[in-house]
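Residue numbers (the numbering used here): 472 to 1051.
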């Protein structure tokens, strides 16, 4: 019931107070009118009751049909059989939906929860607990990660060991196609034993089967960033996704291999563990397939967040800038970091830390091809890619592995518009039968090709030695850097003084019988040669643009990268080069 009362000239506040008091007193709805008015000034319900509309909505509520749907969704979210969830916990791994909760504050949306539903849900014929296939073992959707909209896929290892079959593959293909259309990064959270062999019909070799996943990876490459994180075994076809991704993070305990240890033993007779076959140590230090290794799941998320912070959403966008920060250690110490003696080693990371913003350096593949450091960093908030010879490792000579690592890094930076800083201090490419068998010419070619074809702004700094084809690979003057700078101890030459004097004057020196006279003549020739290759001579001949005081190197680079950020480099019109 509703009780109407009239009051002479109440304010709205007075009418509301009167209505509340009377509604509580009589247990009825009360409408308060002005003595001469037709519309209520205030309406009040007794405590514990809503409005008529609220009561109607409450009476309507979710229907049985909606409640049934919600129950089905809740069942899907449970994942595979409980015993497999227990195994995940025992292995120190998160259940996939708990993993997503770690990464995101809920998915923006998920596609394909009901994938393969008819084959396993409780009302399906012959359904058994161990045959649960919720979401067909592969989750796909969208999320916000560190403020960025991203596509995300994740394997559910509680469902047939994360194996992939037709419905899950279809979801992944759709996600990739949509990423191509909307230009947002893709995160692959991998924990998969490969293709579901007993269900391969209809998804293995079809035009829209699992093979199409790697075709799509190829189309996405250089278009939108693809970051892959490995949490467990990724075998056979599943191992290709981390290989095709722009960046791969392996969590300790994960592995990837073209075949399982059992298959390897069957084919070759070799007995080997999965970790020995394709664990993080193998791919971080020997194959070069892993960019980073994470201690645990939380660390993997942190590394992925760092990686994405340097990358644009897609190839048409600019890399994200941040507020600049002073270096962790002062640039005033640069000249003390770089030894005057050309053959004395030092850690180039100490130089990088005096140039880059504090806390901004993220080195990739640190254990692979260690003669070159490849790292993302920031200069006054601007993302850059650093390619630096490492004199602390085999004098900074360029080996096949380090050349290949540098080429791939340069290629990736160029694809996503990230400017390049080359720090050159190398005696050149390594020589010898071992490196020839390992492909020093072939892989060195790729490094030089990458430097030649990169169209992003480039700065080359001759830190100390720039000998042989090393100066070519490190984007020296002939490779169109926006600037070639040098520190005062720099030298540019076909080879160093010792090797050059031996090559040119060996017979002349051998003809001098007096050892002291021979030594004096050798020293004279060496110093004469050194004067010819000194950067002051190179600056005089305008081979390089400028010699800079070491303590000003950071401010010089900041100014030059800012000035040249709009530089455009045109490549010849052609379909593509033949060197990858």
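Note that beta-carbon positions come from the ideal geometry of N, C-alpha and C, so glycine has one too.
These numbers were taken from a predicted model, which means no experiment stands behind them.
Asked	Found
Integer Cβ distance of residue 687 from residue 648, believed to fall under 8 angstroms	7 angstroms
Segment contact, 8 angstroms Cβ cut-off, at least three pairs: the segment 788 to 808 with the segment 763 to 777	no
Under the three-state DSSP convention, the category residue 596 falls into	Because residue 596 carries a pLDDT of 49, less than 50, the predicted location of this residue cannot be relied on, and the following value inherits that uncertainty. Residue state, collapsed to three classes: coil.
Proximal residues to residue 884 (C-beta, below 6 angstroms), its chain only, five neighbours per side dropped	856, 891
For residue 886, the three-state DSSP class (helix, strand or coil)	helix
Neighbour-count burial assignment, residue 1020, 16 or more Cβ in a 10 Å radius	exposed
Beta-ladder partner(s) of residue 765, from DSSP	722
For residue 1072, the three-state DSSP class (helix, strand or coil)	Look at the range of the chain in this structure, 472 to 1051, and you will see that residue 1072 is not part of it.
Chain C within 8 angstroms of residue 553, Cβ atoms only	Here there is only one protein chain, and chain C is not present.
C-alpha distance - residue 1063 paired with residue 732, whole-angstrom precision	Lying outside 472 to 1051, the shown extent of the chain, residue 1063 is not represented and no answer is given.
Per-residue DSSP class, three states only, for residue 615	strand
Contact the segment 905 to 918 vs the segment 949 to 957: 3+ CB pairs below 8 angstroms	no
Anticipated Cβ contact below 8 angstroms, residue 899 with residue 940, distance rounded	6 angstroms
Burial state of residue 596 (16 or more Cβ within 10 Å)	Only weak support exists for where residue 596 lies, its pLDDT of 49 falling under 50; the value from the coordinates is given anyway. Counting Cβ neighbours within 10 Å, residue 596 comes out exposed, since fewer than 16 surround it.
Spatially closest choice to residue 622 from 633, 642, 635, by CA coordinates	642
C-beta contact flag for residue 795 and residue 852 at 8 angstroms	yes
Segments assigned beta strand (DSSP E), at least 3 residues, entirely inside the segment 650 to 710	657 to 661, 697 to 701, 704 to 706
Residue from 942, 847, 965, 629 whose Cα sits closest to the Cα of residue 956	942
Collapsed DSSP secondary structure at residue 897 in the structure displayed	strand
Whether residue 644 touches residue 625 by CB criterion (8 angstroms)	no
Residue 960 versus residue 865: straight-line alpha-carbon distance, rounded	20 angstroms
Beta-carbon proximity check, residue 656 vs residue 630, cutoff 8 angstroms	no
Completely contained alpha helix (DSSP H) runs for the segment 928 to 1013, where each covers 4 or more residues	941 to 944, 968 to 981, 986 to 1004, 1006 to 1011
CB of residue 616 within 8 angstroms of CB of residue 585, strictly	no
Runs of beta strand (DSSP E) lying entirely within the segment 827 to 893, each at least 3 residues, in chain order	833 to 835, 843 to 850, 853 to 860
Within 8 angstroms, strictly: CB atoms of residue 514 and residue 502	yes
Span separating the alpha-carbon of residue 683 from that of residue 1025	46 angstroms
Inter-residue spacing [alpha-carbon to alpha-carbon] between residue 1003 and residue 1018	16 angstroms
Delimiting residues of the alpha helix (DSSP H) encompassing residue 566	First-last for residue 566: undefined, no H or E at that position.
Within 8 angstroms, strictly: CB atoms of residue 710 and residue 727	yes
When 736, 550, 958, 775 are compared against residue 573, the one with the closest alpha-carbon	775
Residue range of the alpha helix (DSSP H) that includes residue 467	Residue 467 is absent from the model: the chain starts at 472 and stops at 1051.
Helix, strand or coil at residue 629 [DSSP, three-state]	coil
Contacts around residue 738, its chain only, beta-carbon distance under 8 angstroms, and the 5 residues preceding and following it disregarded	730
Three-way DSSP call (helix, strand, coil) for residue 735 in this model	helix
For residue 774, three-class secondary structure by DSSP	helix
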